[in-house]
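Below you'll find the structure, written out as structure tokens, and then a few comments.
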Amino acid sequence: MQSFTLVVFGAPDSQSSSTALNYAKAVLKAGHHIYRLFFYQDGVFNACSFNTPSQDEENSSVNWQTLIQEHELDAVVCVASALKRGIVNAAEAERYELAASNLRQGFEISGLGQLIDGVIQSDRVVNFLP
Amino acid sequence: MTLKNILIIIRQAPYSSLLPAAALDVLLTAAAFEQPITLLFMGEGVQHLLSAQNSTGSGMKNISKALPSLELYEVDQVFMEKDALANRKLENEKLVLQVESLSLNQIADAIEKADQVFNF
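Residue numbers (our numbering), protein chains in the order written: chain P, -7 to 122; chain R, 961 to 1080.
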């Protein structure tokens, strides 16, 4: 068994995000462990709870959330990338006096240190570039 | 703490995307975790080494300014792809940092030796 950290750079609907999601499922199905999912740059949009695509489209944000909750995965959203793109949890919304918070349940906001921790702790880190 | 040899490759031209700046952020964070780091500029990425850059109006950070101070973070393994500057007729340009050149074979070795590669 190997442990993986996956880094998602792409927004919902991007090849980066959907390939990473399929890869994550394949890793788990093969009996490996996912140490962390790290959402970086536009990848943070996958953690937005306001995503409401049309009914005939996949909601990759929900798909990620389902995977995260089913397997109790550690899903970290890069704080600098998130704030820049308007993805905030309740604490950040309060700190910056924003009208609402929109971080989807299952995801947490933290720093780039969590990515390097993933490098140190996992056997493999796989990047899904935009 | 476990040490991982981290190789960060920058291949994108300056101001072409957010990836080079992300590479620098990842590098500085890894340095804060005291991990052994190698930085390699390849292809269009070698243009980050050019000192005559004016980022005004690009709306983007000039990450080249940070390169001379990498030594302060104990990042002294900085390389570029051999001939990448010459292939762009840039071999006589002033650079922000003097770095050693690696042949493609040496780059293959560096990738082989690294525990983790970030390809930006």
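Every residue gets a Cβ at the ideal spot worked out from N, C-alpha and C, and that includes glycine.
Can you find a CB in chain P that lies within less than 8 Å of the CB of residue i?
| i | result |
| --- | --- |
| Ala1044/R | no |
| Thr989/R | yes |
| Phe1039/R | no |
| Gln1076/R | yes |
| Asn1014/R | no |
| Asn1047/R | no |
| Asn1079/R | yes |
What residue does the beta strand (DSSP E) around residue i start on, and which one ends it?
| i | result |
| --- | --- |
| Tyr975/R | Careful: Tyr975/R lies outside any beta strand (DSSP E) and carries neither H nor E. |
| Glu1053/R | Note, Glu1053/R: premise wrong, no beta strand (DSSP E); not H, not E. |
| Asn14/P | Here Asn14/P belongs to no beta strand (DSSP E); instead the alpha helix (DSSP H) covers Gln7 to Lys21. |
| Val1038/R | Gln1037 to Glu1041 |
| Gln1076/R | Gln1076 to Asn1079 |
| Ser102/P | Phe99 to Ser102 |
| Arg96/P | Counting along the chain, Arg96/P falls outside any beta strand (DSSP E), and DSSP gives it neither H nor E. |
| Leu(-2)/P | Ser(-5) to Val0 |
| Phe1001/R | Ile997 to Phe1001 |
| Asn119/P | Arg116 to Phe120 |
| Leu967/R | Ile966 to Ile970 |
Along the chain, where does the alpha helix (DSSP H) containing residue i start, and where does it finish?
| i | result |
| --- | --- |
| Ala83/P | Ala82 to Arg87 |
| Asn1065/R | Leu1064 to Lys1073 |
| Ile125/P | Summary: the structure shown does not reach residue 125/P, with chain P confined to residues -7 through 122, and so no result is reported for it. |
Once the 5 residues before and after residue i are set aside, which same chain residues still bring their CB inside 7 Å of it?
| i | result |
| --- | --- |
| Asn51/P | Asn43 and Pro45 |
| Ala18/P | none |
| Ala82/P | Ser93 |
| Asp5/P | Ser52 |
| Gly2/P | Ser8, Ser9, Asp34, Gly35, Phe120 and Pro122 |
| Glu1033/R | It is worth fixing the name first, because residue 1033/R is Tyr in this sequence and not Glu. Excluding positions up to five away in sequence, the list reads Leu988 and Ala991. |
| Arg116/P | Gln(-6) and Phe(-4) |
Give me, in chain order, the residues of the same chain whose beta-carbon lies closer than 6 Å to that of residue i; leave out the 5 immediate sequence neighbours on both sides.
| i | result |
| --- | --- |
| Ala85/P | Ser93 |
| Val118/P | Leu(-2) |
| Ala990/R | Ile966 and Ile997 |
| Phe99/P | Ala39, Ala67 and Val69 |
| Gly103/P | Val71 |
| Pro974/R | Gln1007 and His1008 |
| Gln1027/R | Note that residue 1027/R is Leu in the sequence shown, not Gln. Val1056 and Leu1057. |
| Val1059/R | Val1038, Phe1039 and Met1040 |
Could you check whether the Cβ of residue i sits closer than 8 Å to any Cβ belonging to chain R?
| i | result |
| --- | --- |
| Asn81/P | no |
| Ile26/P | no |
| Val118/P | no |
| Ile112/P | yes |
Tell me which residues share the same chain as residue i and place their Cβ nearer than 8 Å to its Cβ, disregarding the 5 neighbours each side in the sequence.
| i | result |
| --- | --- |
| Asn55/P | Leu13 |
| Ser41/P | Ser53, Asn94, Leu95, Arg96 and Gln97 |
Q) Which residues, in order along the region 961 to 985 of chain R, keep a beta-carbon less than 9 Å from a beta-carbon of chain P? A) Within the region 961 to 985 of chain R, the qualifying residues are Met961, Thr962, Leu963, Lys964, Ile966, Ser977, Leu978, Leu979, Ala982 and Asp985.
(Q) Against chain R, which members of the region 85 to 110 of chain P pass a CB distance test of less than 9 Å? (A) Listed in sequence order: Gly103, Leu104, Gly105, Leu107, Ile108 and Asp109.
(Q) Please identify, using Cβ separations under 8 Å, the residues of the region 991 to 1002 of chain R that lie next to chain P, in order along the chain. (A) When CB distances to chain P are screened at a threshold of 8 Å, the residues of the region 991 to 1002 of chain R falling below it are Ala992, Phe993 and Gln995, in chain order.
Q: List in chain order: all unbroken beta strand (DSSP E) runs of 3+ residues lying wholly within the region 30 to 93 of chain P.
A: As summarised for the region 30 to 93 of chain P, the continuous beta strand (DSSP E) elements at least 3 residues long and confined to that stretch are 67 to 70, given in chain order.
Q | Contact set between the region 28 to 48 of chain P and chain R, restricted to residues whose Cβ is under 9 Å from the partner | A | So the list reads Tyr32, Gln33 and Asp34, given in the order they occur along the chain.
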